[in-house]
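Novice: Each residue of the sequence shown is one higher than the one before, counting from 129 in my numbering.
Below is one structure. I have some questions about it.
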Amino acid sequence: MSSIETSAPDEGRRTTVFLSYARADRTRAEKLASALTDAGLEVWWDALIEGGAAFAHSIRSALDTADVVLVAWSKTSIDSDWVRDEAAVGRERKRLVPLSLDGSEPPLGFRQYHVIDVSRSRGKPSAEEVAAILRAVAASTGEPVASFPTGQGRMSRRNVVWIGSGLAAAIAAGAGVMAWRGRLLGGKAADDSIVVLPFRNLGGDPAQAYLSDGLTEAVRAALARNAALKVVAGTSSNAAQEDAEDATAIARKLGVAYLLEGSVQRSNDIVRISTNLTDGDTGFSRWSNTVDRNLTDIFAVQTDIARTVARALSVQMATDEPAPGGTTSVPAYEAYLQGRALFNAARDEASDRQALTDYERAIAIDPNFALAHAGRSRSLAAIAAEYAKAEELPGLYAAAIAAAQRAIELAPDLAEGHLALGYALFTGRLDVAGARPAYERAYALGRGDADIVLLYALYCSRSGRREDARAAIQRALALDPLNARTFRAAGSIDYAARRYRPAIAVLEKALALNPEISNAHGLIGNCLYFLGRPREARSAYAAEPHDLFHLSGLAIADHRLGNTAAARRSMARLVSELGDSALYQQAEVLAQWGETDAAMAALHRAREVGDSGLIYLTTDPMLDPLRRRPDFVKLLQDMHLA
129 MSSIETSAPD
139 EGRRTTVFLS
149 YARADRTRAE
159 KLASALTDAG
169 LEVWWDALIE
179 GGAAFAHSIR
189 SALDTADVVL
199 VAWSKTSIDS
209 DWVRDEAAVG
219 RERKRLVPLS
229 LDGSEPPLGF
239 RQYHVIDVSR
249 SRGKPSAEEV
259 AAILRAVAAS
269 TGEPVASFPT
279 GQGRMSRRNV
289 VWIGSGLAAA
299 IAAGAGVMAW
309 RGRLLGGKAA
319 DDSIVVLPFR
329 NLGGDPAQAY
339 LSDGLTEAVR
349 AALARNAALK
359 VVAGTSSNAA
369 QEDAEDATAI
379 ARKLGVAYLL
389 EGSVQRSNDI
399 VRISTNLTDG
409 DTGFSRWSNT
419 VDRNLTDIFA
429 VQTDIARTVA
439 RALSVQMATD
449 EPAPGGTTSV
459 PAYEAYLQGR
469 ALFNAARDEA
479 SDRQALTDYE
489 RAIAIDPNFA
499 LAHAGRSRSL
509 AAIAAEYAKA
519 EELPGLYAAA
529 IAAAQRAIEL
539 APDLAEGHLA
549 LGYALFTGRL
559 DVAGARPAYE
569 RAYALGRGDA
579 DIVLLYALYC
589 SRSGRREDAR
599 AAIQRALALD
609 PLNARTFRAA
619 GSIDYAARRY
629 RPAIAVLEKA
639 LALNPEISNA
649 HGLIGNCLYF
659 LGRPREARSA
669 YAAEPHDLFH
679 LSGLAIADHR
689 LGNTAAARRS
699 MARLVSELGD
709 SALYQQAEVL
719 AQWGETDAAM
729 AALHRAREVG
739 DSGLIYLTTD
749 PMLDPLRRRP
759 DFVKLLQDMH
769 LA
């Protein structure tokens, strides 16, 4: 047992220092705490908290009982409400010792104190800087410098001061706790991570759910614009809330440090909005608020909530300006929210067409509502891809492109507008090169939006940019970890890169999240087929719910297994039931059958009718038997894919 451990509790009492700092300065703070501990001080700083409950009370107790409050000012901490509060306690107790980590001046109200400049040392403070701090501490406490022990080895973890009996008892019990200001211990969720859970609709009218859903999305989008935060996407947020029982369970499931919950209640034109920020580690409320606002103030409320949450997390909002592309018209905004709710639900053709009607209604009310134009573009493209006849495609895609261009004209920095343009150009006109600037701009503006990141990843994959695709899909998975669509996209990217085994693993995760998702079984079948396991591939194709991939897969697998008659029957159904909308899949089947001339004829016909399946042309393993043919190479060149 060490000599420290055998010392009497009251023997050689050390001066205690409460170290206040901003989260961004944690590395410097740790080195400072180490140097001061080596110099004989007992340093209390929140990164050392290992467990306990009622941590806010304990922190306040630490502030009130510490001999000195040492505040590390920096360009980050001067804007931190938490650091300012701690400094104010030190000032009120006349025990404040300020220092500057980077040469920054303290904020107004704290400049009457001499500041010790430690900005010259980038790592551990120098001996001269430590001596200056010791002298200032001595002056503050009234003890002579000589009374401070020097040259003593660093204290063991158990000898760091834990101020407050409640905290000490809780530490002994080993309960988990988050450090004040949200700095978490190693192994916990990153403290820049947050999930915005769906705001509850307390009005009782299901028809008003779009308002609470819209407010949720708006706050989430405002936070996602902040590069300092990792904001979980909507699909994963919804899934986690449905499956988990409490805040800490949701936080564990999503790997986040904070949860923002809320509710909306409307009475005529008055909206009551309640919000609560919860620490995901402890389940304690960090901040809560309730406001009653006129519906016309809904736009300001969204920005206020995002700004307040960012301030509570001690990060700065990227901007206080509202998101681009919005409206000041409440009726237009309501119509837009109703359209977006239907579009995101993607139930069937009727709901998708009603979404288009709602977007157009919003535009009729406010023709300069850029987000509504972008939504209209996405709806037109979705209708074209899912439901339209071949002769309807050119008109629908032309309208989608025009709507996206109008959105960009109205709001040049609207990520959704650029995304809609890229999608319409790529899917509708098969214009890979023309779509790239739009996708790149959308990604640059919307890196915090999982949907934008996902579609950008797929574009990169389908245009042959494998590494860019893999980097983007990893970001999408981090932002939306419970979304089956994201895992399906990751699987398709691995499949296109011929990474068949990893693809199967992520596609199985997609099915675990949503057993009914389309083309997950089909893609698994493709992977098994190319791994030389056609019988297992056939079973996967048989389970695929989407006829396009079900029938083409069966035709391919049965042919490989020698079941030629069954393969021909599936091909006949593909042609008769889906017609020209399945020309690309017909080419895949024919290529795998070895009928390469017929496969090329199907591809040329697919290009004539604008079959969007051609976006897979560059990377599709099913077409590998055609890749050395001069007419295939020319098709790639004509489409600017080679």
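The C-beta atom is built at its ideal place from N, Cα and C for all residues, glycine as well.
Measure the C-alpha to C-alpha separation of Gly292 and Ala194 and round it to an integer number of angstroms.
Specialist: With a pLDDT of 29 at Gly292, under the threshold of 50, the modelled position of this residue cannot be trusted; read the value that follows with caution. Between Gly292 and Ala194, the C-alpha separation is close to 10 angstroms.
Novice: Can you give me the start and stop residues for the beta strand (DSSP E) that Phe497 sits inside?
Specialist: Run containing Phe497: none; DSSP gives neither H nor E here.
Novice: Would you list the one or two residues that DSSP bridges to Asp407?
Specialist: Tyr386
Novice: Going by beta carbon distance, what residues of the same chain come within less than 6 angstroms of Lys358, once the five residues before and after it are set aside?
Specialist: Residues of the same chain with a CB within less than 6 angstroms of the CB of Lys358, apart from the 5 flanking positions on each side, are Asp320, Ser321 in chain order.
Novice: May I ask you to report which of helix, strand or coil DSSP gives Pro234?
Specialist: Here Pro234 sits in coil by DSSP.
Novice: Hey, quick one: how far does the alpha helix (DSSP H) through Trp721 stretch, first residue to last?
Specialist: 711-721
Novice: By the DSSP assignment, the beta strand (DSSP E) with Leu198 in it spans what residues?
Specialist: 196-201
Novice: Please classify Trp415: does DSSP put it in a helix, a strand, or coil?
Specialist: strand
Novice: Tell me the DSSP secondary structure of Trp173 in three-state form.
Specialist: coil
Novice: For Gly302, which of helix, strand or coil comes out of DSSP?
Specialist: Because the pLDDT of Gly302 is 26, which lies under 50, any placement of that residue in the model is unreliable, and the question is left without a value.
Novice: Considering Cα atoms alone, identify which of Leu702, Ser507, Arg481, Gln466 is closest to Ala490.
Specialist: Gln466
Novice: How do the segment 736-745 and the segment 515-525 stand: do at least 3 beta-carbon pairs fall below 8 angstroms, yes or no?
Specialist: Yes, they touch.
Novice: Looking only at DSSP bridge pairs, what is Phe146 linked to?
Specialist: Bridge partners of Phe146: Trp172, Val197.
Novice: Please classify Ser205: does DSSP put it in a helix, a strand, or coil?
Specialist: helix
Novice: How would you call Val419, buried or exposed, if buried means at least 16 neighbouring beta carbons within 10 angstroms?
Specialist: exposed
Novice: How about Ala599 and Ile645: are their beta carbons less than 7 angstroms apart?
Specialist: No, the pair does not count as a contact, with Cβ atoms beyond the cut-off.
Novice: Where does Arg394 fall in DSSP's three states?
Specialist: strand
Novice: Could you spell out where the alpha helix (DSSP H) holding Ser457 opens and where it closes?
Specialist: Element bounds for Ser457: n/a, residue is neither H nor E.
Novice: Let me know if Glu514 comes out buried or exposed under the rule of 16 or more other beta-carbons within 10 Å of its beta-carbon.
Specialist: exposed
Novice: Candidates Ile261, Ala260, Asp213: which alpha carbon is nearest Phe238's?
Specialist: Asp213
Novice: How about Ala719 and Pro758: do their beta carbons lie closer than 7 angstroms?
Specialist: no
Novice: Using three-state DSSP, classify Arg755 as helix, strand or coil.
Specialist: Note: Arg755 maps to coil in three-state DSSP.
Novice: Can you check DSSP and say which residues form a bridge with Ala321?
Specialist: Checking the sequence shown, residue 321 turns out to be Ser, not Ala. Beta bridge pairing from DSSP links Ser321 with Lys358.
Novice: Since Ser228 is in the beta strand (DSSP E), which residue starts that stretch and which ends it?
Specialist: 224-228
Novice: Could you name the residues of the same chain whose beta carbon sits closer than 7 angstroms to that of Ile433, not counting the 5 residues immediately before and after it, in chain order?
Specialist: Val347, Thr403
Novice: Let me know if Ile398 comes out buried or exposed under the rule of 16 or more other beta-carbons within 10 Å of its beta-carbon.
Specialist: By the 10 Å Cβ count, Ile398 comes out exposed.
Novice: Classify Gln765: buried if its beta carbon has 16 or more other beta carbons within 10 angstroms, exposed otherwise.
Specialist: exposed
Novice: Rounded to whole angstroms, what's the CA-CA distance from Arg534 to Pro234? Just pull it up for me.
Specialist: 47 angstroms
Novice: For the candidate residues Leu339, Asp407, Gly362, whose alpha-carbon lies nearest to that of Leu423?
Specialist: Leu339
Novice: Would Ser776 and Phe471 be called neighbours here (beta carbons separated by less than 7 angstroms)?
Specialist: Here the chain comprises residues numbered 129 to 770, so residue 776 is not present and cannot be evaluated.
Novice: Mind checking Ser776: buried by the 16 CB within 10 Å criterion, or exposed?
Specialist: Residue 776 cannot be examined here, being either before or after the span of the chain that is shown, 129 to 770.
Novice: By alpha-carbon positions, which one of Ala640, Leu659, Leu641 ends up nearest to Arg626?
Specialist: Leu659
Novice: Would you tell me roughly how many angstroms separate the C-alpha atoms of Gln240 and Ser205, rounded to the nearest one?
Specialist: 18 angstroms
Novice: I'd like to check one pair, Gly653 with Tyr628: are the Cβ atoms closer than 7 angstroms?
Specialist: Not closer than 7 angstroms, so no.
Novice: Let me confirm a value: Thr456 is counted as buried when at least 16 other C-beta atoms fall within 10 Å, else exposed. Which label applies?
Specialist: By the beta-carbon neighbour count (other beta carbons within 10 angstroms, threshold 16), Thr456 is exposed.
Novice: Going by beta carbon distance, what residues of the same chain come within less than 8 angstroms of Ala617, once the five residues before and after it are set aside?
Specialist: Once the five neighbours on either side are set aside, the close Cβ partners of Ala617 are Leu582, Ala585, Leu586, Ile601, Ala604.
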